[in-house]
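Residues 516 to 835 (our numbering) make up the sequence shown, in order. The beta-carbon is built from N, C-alpha and C at its ideal position, and this holds for glycine as well. All values derive from a computational prediction rather than experimental measurement.
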Amino acid sequence: MRIGVVADDLTGACDSSVAFLAMGSVGVTLWPLRIDPAWNCIAISTESRDERVQTSTHRSSEAAAALRKAGVDVLFRKVDSLMRGNVAADIAGTLEVSNDGCVLAPAIPEEGRITVGGRQQWPGGHVDLMAMLQQAGINAILGSPADAETDLVVVCDATTADDLERVAREIASADPRPIVAGASGLASRLPAAFGFDETSHHRWRPCKRPVAIVGTRAAMAQVRVAVDGGRDVIVLGPDELPGDLDGHDGIVVTGGETAARIMRWLGAETIELRGEAQPRVPVGVCVGGQHDGMPIAVKSGSFGTDDAITLALDALARGG
């Protein structure tokens, strides 16, 4: 079985697709499209989180069409669990390439992000998913995966891990199979629902001098802890690049836009995922460019405790 993932930034593409290592190899690539059909899971970052609605719709449609052409069996549209970006436009673009409907389940109960009565809720905020979709001209109902049908988005409530596991099982048994839209919460339950219960072992080599490259103010507390602990950290401004790697042989990069900028700077065509430095911090190796094979960990800027960068650097040093 082959999975295709479309996300609007690189951290989301890595975060949602790392669970599919249980099903085989995972390759993550940036817009514009470079698809290697050899991967069991192909993940594409459309780099459209901060783009116009029309751009999000177009890139989502193009990426989904390319994945269908590559022969994926399941199409997973990653959405932000806090509803950042152009979520409705992303789903609309993906629907342009499929007539089997879509199941939307963006909850991550472990992080207090739940879906109740069609409303996505988290500490300090909420979004009415039904209203958001309908305002974008998308037909939407509150229901279960069994309700999916042509040109319809079914919003699934989920407040617990058991709820998401049930949604995943119903998706796996659906025929025809709808587009699946959600966050890492749903993605992490899909391999088991499809019968892949054992995590595959994909390794990365130990790094002698890993460095963290940080381009988001949301991670400044993590930077202070890492620097105080003697770890190497480079803090970048907007659109800034490092001078060089200065002997560093592994990277932890925070923030989706920064991660994409660094990936292009390295000349890497793809990140081949290998595992996680810690939960929600995927690790892969660069494919292509001058640093081919170098381990790289990708972390959402705001995610994690104050020692998250330190722990990720230590995981690169140990190897996987």
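query                                                                                                           : result
Assumed close pair R789, G799 - CB separation to whole angstroms, cut-off 8 Å                                   : 5 Å
Helix, strand or coil at P624 according to DSSP, with G and I counted as helix                                  : helix
Collapsed DSSP secondary structure at G529 in the structure displayed                                           : Checking the sequence shown, residue 529 turns out to be Cys, not Gly. Three-state DSSP puts C529 in a helix.
Segment limits, alpha helix (DSSP H) that includes K584                                                         : 568-584
Those runs of the beta strand (DSSP E) which lie wholly inside the stretch 620-686 and span at least 3 residues : 629-631, 634-637, 640-643, 655-657, 668-670
Residues that R592 bridges to, as DSSP identifies them                                                          : V521, A696
Spatially closest choice to T820 from E626, D551, A698, by CA coordinates                                       : E626
3-residue-minimum beta strand (DSSP E) runs that sit fully inside the stretch 745-815, ordered along the chain  : 747-750, 765-769, 785-793, 796-802, 810-814
Chain B within 7 Å of L525, Cβ atoms only                                                                       : Looking for chain B here will not work: only one protein chain is present.
N-terminal and C-terminal residue of the beta strand (DSSP E) that A727 is part of                              : 725-729
Length of the line joining the Cα atoms of G808 and S576                                                        : 31 Å
Limits of the unbroken alpha helix (DSSP H) element including T825                                              : 823-833
K814 and T773 closer than 7 Å at C-beta                                                                         : no
Reference D678; option with closest CA among C801, G782, D666, L701                                             : L701
Which listed residue (A707, G834, T785, A812) has its alpha carbon closest to that of V483                      : This structure leaves residue 483 out entirely; the chain is present only between 516 and 835.
Element boundaries [beta strand (DSSP E), containing G542]                                                      : 541-545
DSSP beta-bridge partners of C722                                                                               : Note: C722 sits in no beta bridge, so no partner.
Within 7 Å, strictly: CB atoms of V541 and C556                                                                 : yes
Beta strand (DSSP E) segment containing A558, residue limits                                                    : 556-560
Through-space distance from D747 to R634, alpha-carbon basis                                                    : 42 Å
Close Cβ partners of T572 (< 7 Å) along its chain, the five nearest in sequence each way excluded               : A604, A607, G608
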